[in-house]
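Asks:
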Amino acid sequence: MNSIQPRILLIYTGGTIGMIENPVTSALEPFDFSHLIDNVPKIKMLNYVIDNISFEPPIDSSDMNPAHWVEIAKAIKDNYEAYDGFVVLHGTDTMAYTASAISFMLKNLRKPVIITGSQLPIGEVRTDGEENLITAVQIAAATTASGEPMVQEVAILFENYLWRGNRATKRSADNFNAFKSHNYPELAKIGLGINFHEEALLRHTHGEIPLEASYSLDTSVMVIDLFPGIDSRTLRHQLATPGIKGIVLRTYGAGNAPTARWFTDAISEAVKRGVVVFNVTQCVNGSVMRRYASGDALAATGVVMGYDITTEAALTKMMYLFGAGIDRERVKLLLPQSLRGELTATVASAGDMP
Ligand code: ASP
């Protein structure tokens with residue numbers, strides 16, 4: 004839809020941006036949408052049609068779970084034709100998980116879904132909330148020279164940068180530039196103007212395909228972080244978690260892990276039992292690769308290489324693929340392939356992708 008007045012849907016989920024201080028405890032607590040929007044009178048100067056949907060009640064994003072992701076994805080799917088773009092206001096703590104999850108849940112997305120929030124509440128005198136909200140709305144309304152939506156994917160806007168949502172990670176609890184995508188360039192740089200990097204933006208080769216939304220996420224997944232001193236008992240206990248289908252194994256450096264027999268035996272037994280183990284590096288920058296003998300020993304156990312995927316994207320990708328009812332052998336084939344630009348794929352995509 005390309006109306007003269009851009010139509011934007013704001014989905015307010017909570018987070019610091021809309022919080023106010025509890026006068027008794029001084030703790031920040033989520034507050035309602037009218038408080039938030041009353042603090043941004045300038046938004047009217049944009050002359051857009053801006054409607055809103057709000058979580059009832061709005062939440063701190065530490066309380067987010069897959070049921071909330073479904074709520075957000077449904078709000079977008081149900082209103083997809085009526086709006087040019089979507090802005091999700093969200094707490095920063097789990098924003099990268101939400102962005103990753105929504106990117107997988109919305110297949111064939113051709114419109115902008117811009118997620119933003121702030122480090123300081125919008126009602127405070129000094130705040131990054133007002134600027135982030137206004138910039139996010141402008142990005143959601145931006146078009147290319149040929150009138151197509153400029154952003155056709157899920158992205159995180161924070162302070163000076165627009166990042167691909169499933170590539171971003173929260174990197175600071177107090178810096179206004181709270182997010183970064185360490186393995187993929189910014190989609191736009193925000194300064195005096197909004198400078199889009201069109202070569203980095205997701206573009207679709209096939210024409211108009213309807214948006215498909217998937218609301219089924221399987222939470223039989225977990226993250227295991229390696230650390231020197233990890234012991235056999237703890238690791239085996241985690242690997243034997245009842246019902247577990249997928250594990251994101253956060254390894255060292257280029258995907259390395261202990262070479263001790265007890266370790267590789269424990270992993271390979273779990274793989275043989277049918278658990279999908281996805282090897283993701285603890286480094287924020289760089290990729291899992293076959294470089295060291297310690298990585299080779301792990302690869303020989305049957306773990307799947309995660310290359311440069313973030314933990315947030317790895318975990319939510321597993322939830323999405325298992326939730327779609329895909330069998331584990333195909334999940335293993337799909338994990339190292341790019342579905343929504345979430346990793347730098349070395350494996351070529353083949354056939355119909357979920
Ligand atoms: N705890 C808050 C949240 O994630 C932090 C924030 O919004 O920055 O909801």
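Residues are numbered in my numbering as their position in the sequence shown, beginning at 1, plus a constant of 3. Glycine included, each C-beta is placed from N, C-alpha and C at the ideal position.
Measure the alpha-carbon distance for Q155 versus F266 and round it to whole angstroms.
Replies: So the two alpha carbons sit approximately 43 Å from each other.
Asks: On the DSSP bridge list, what partners appear for K192?
Replies: According to DSSP, K192 bridges with Y164, N198.
Asks: Could you tell me if the beta carbon of A95 falls within a distance shorter than 6 Å of some heavy atom in ligand 1?
Replies: One point to set straight first is that residue 95 is Thr, not Ala, in the sequence displayed. Correct: T95 has its Cβ closer than 6 Å to ligand 1.
Asks: What does the Cβ neighbour count give for G196, buried or exposed, with the cut at 16 atoms within 10 Å?
Replies: G196 should be labelled exposed.
Asks: Let's see if you can read the secondary structure: which residues bound the beta strand (DSSP E) around T16?
Replies: Its beta strand (DSSP E) spans residues 10 to 17.
Asks: At a cut-off of 6 Å, would you count G150 as near ligand 1, judging by its Cβ distance to the nearest heavy atom?
Replies: No - ligand 1 has no heavy atom lying nearer than 6 Å to the Cβ of G150.
Asks: Apply the 10 Å Cβ neighbour rule to H71 and answer buried if 16 or more other Cβ atoms are within range, or exposed otherwise.
Replies: By the neighbour-count rule (16 or more Cβ atoms within 10 Å), H71 is buried.
Asks: Compute the beta-carbon to beta-carbon distance between F199 and L205, rounded to the nearest angstrom, for a pair I have assumed lies under 8 Å.
Replies: With 8 Å as the limit, F199 and L205 do not qualify as a contact, their Cβ atoms being about 12 Å apart.
Asks: Report back the beta-carbon spacing between P213 and N111 to the nearest angstrom; my notes put them in contact at under 8 Å.
Replies: With a Cβ gap of about 6 Å, P213 and N111 count as contacting.
Asks: Would you say V157 and I11 are within 7 Å of each other, going by their C-beta atoms?
Replies: Not closer than 7 Å, so no.
Asks: Let me confirm a value: V128 is counted as buried when at least 16 other C-beta atoms fall within 10 Å, else exposed. Which label applies?
Replies: Its Cβ having fewer than 16 others within 10 Å, V128 is exposed.
Asks: Using only the heavy atoms of ligand 1, determine whether one of them is closer than 6 Å to the beta carbon of T19.
Replies: The answer is yes for T19.
Asks: Looking at E133: is its Cβ nearer than 7 Å to the Cβ of I125?
Replies: It is a contact, given that the beta carbons lie within the stated cut-off.
Asks: Between the stretch 223 to 235 and the stretch 328 to 335, do at least 3 Cβ pairs fall closer than 8 Å?
Replies: Touching, no.
Asks: When the Cα of D131 is compared with those of V224, G326, G21, which residue comes out closest?
Replies: The shortest C-alpha separation from D131 is found at G21.
Asks: For the putative contact between S219 and G246, defined by C-beta atoms under 8 Å, what is the C-beta separation to the nearest angstrom?
Replies: Contact flag wrong, Cβ pair sits at about 16 Å.
Asks: Could you work out which residue in G232, R174, Y164 is closest to G194 when comparing CA atoms only?
Replies: It is Y164 whose Cα lies nearest to the Cα of G194.
Asks: Taking 6 Å as the line, does the beta carbon of D131 fall inside it for any heavy atom of ligand 1?
Replies: No, since every heavy atom of ligand 1 falls outside the 6 Å radius drawn around the Cβ of D131.
Asks: Taking 7 Å as the cut-off, decide whether the C-beta atoms of G305 and V274 are in contact.
Replies: Result yes, Cβ atoms of G305 and V274 sit closer than 7 Å.
Asks: Could you check how far apart the C-beta atoms of G88 and A144 are, in whole angstroms? I think they sit under 8 Å.
Replies: Indeed they touch by this definition, with Cβ atoms about 6 Å apart.
Asks: With which residues is A181 paired in a DSSP beta bridge?
Replies: For A181, which the question treats as bridged, DSSP gives no partner whatsoever.
Asks: Would N180 and S103 be called neighbours here (beta carbons separated by less than 7 Å)?
Replies: Contact flag unset, no.
Asks: Look at G258 and G298 and say whether their C-beta atoms are less than 7 Å apart.
Replies: Against a cut-off of 7 Å, the Cβ pair of G298 and G258 comes out as a contact.
Asks: One question on the structure: do N282 and T254 come within less than 7 Å of each other, judged by their Cβ atoms?
Replies: Yes; because the gap between Cβ atoms is below 7 Å, this pair is in contact.
Asks: Hey, is D63 close to ligand 1, as in C-beta under 6 Å from one of its heavy atoms?
Replies: Yes, Cβ of D63 sits closer than 6 Å to a heavy atom of ligand 1.
Asks: Here's a check: name, in chain order, each residue in its chain whose Cβ is nearer than 6 Å to the Cβ of R174, leaving out the five neighbours to either side.
Replies: Here the set comprises K183.
Asks: Please classify R253: does DSSP put it in a helix, a strand, or coil?
Replies: Strand at R253.
Asks: Measuring only the C-alpha atoms, how far is P261 from L318?
Replies: For P261 and L318, the distance between alpha carbons rounds to 22 Å.
Asks: Whose C-alpha, out of H209, D54, P188, is nearest the C-alpha of E201?
Replies: Checked all of H209, D54, P188; the closest Cα to E201 is P188.
Asks: What does DSSP give as the partner residue(s) for T146 in the beta ladder?
Replies: For T146, which the question treats as bridged, DSSP gives the partners P152.
Asks: If distances are taken between C-alpha atoms only, which option among Y51, I40, Y86 comes closest to L92?
Replies: Here the closest residue by C-alpha is I40.
Asks: If F58 sits next to T95, beta carbons under 8 Å apart, how far is it from one beta carbon to the other, in whole angstroms?
Replies: In fact, because the Cβ distance is near 16 Å, the residues do not count as touching under 8 Å.
Asks: Any idea what DSSP makes of V334, helix, strand or coil?
Replies: Here V334 sits in helix by DSSP.
Asks: Any heavy atom of ligand 1 closer than 6 Å to the CB of G3?
Replies: Outside the displayed range of the chain (4 to 357) lies residue 3, so it cannot be described from this structure.
Asks: Ends of the alpha helix (DSSP H) at E315?
Replies: Where E315 is concerned, the enclosing alpha helix (DSSP H) stretches over 314 to 326.
Asks: So, with DSSP's three-state summary, where would you put L49?
Replies: Helix at L49.
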